[in-house]
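Residue numbers (the working numbering): 111 to 198.
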């Protein structure tokens with residue numbers, strides 16, 4: 111985190127180091143899940159990733175569809191679904 115905590119794909123040294131850390135971390139995860147290279151990706155953070163997923167799924171939701179959340183869910187999961195008002 112001290113040497114490679116930067117936005118990815120930038121034109122500066124810390125970004126290059128961040129890309130290298132991510133590139134090195136991906137193969138072990140792919141092996142763990144026995145997946146193809148394009149099936150495991152790393153994103154910015156849980157909240158941002160869940161917002162992207164909720165928006166994609168939200169486009170398909172219709173009246174009567176439900177999203178099940180619990181009090182045990184992390185706010186990154188809960189708040190992203192509550193932010194979707196188009197399916198209510």
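Beta carbons are placed, not taken as given, at the ideal position from N, Cα and C, and that holds for glycine.
Being a predicted model, the structure only gives us computed values, none of them experimental.
Nonlocal neighbours in the same chain, by C-beta distance under 7 Å from residue i, ignoring five residues either side
i: residue 164; result: 190, 191, 194
Simplified DSSP state of residue i, which is helix, strand or coil
i: residue 130; result: helix
i: residue 160; result: helix
i: residue 155; result: coil
i: residue 149; result: helix
i: residue 187; result: helix
i: residue 204; result: The chain is shown only over 111 to 198; residue 204 falls outside these bounds and no answer can be derived.
i: residue 140; result: helix
i: residue 166; result: helix
i: residue 180; result: coil
Under 9 Å between C-beta atoms of residue i and residue j
i: residue 117; j: residue 125; result: yes
i: residue 188; j: residue 178; result: no
i: residue 128; j: residue 144; result: no
i: residue 147; j: residue 136; result: yes
Contact set for residue i: own chain, Cβ-Cβ below 6 Å, skip 5 residues either direction
i: residue 139; result: 150
i: residue 156; result: 186
i: residue 122; result: none
Evaluate contact between the stretch 150-157 and the stretch 128-136, counting only Cβ atoms and requiring at least three cross-stretch pairs below 8 Å. yes
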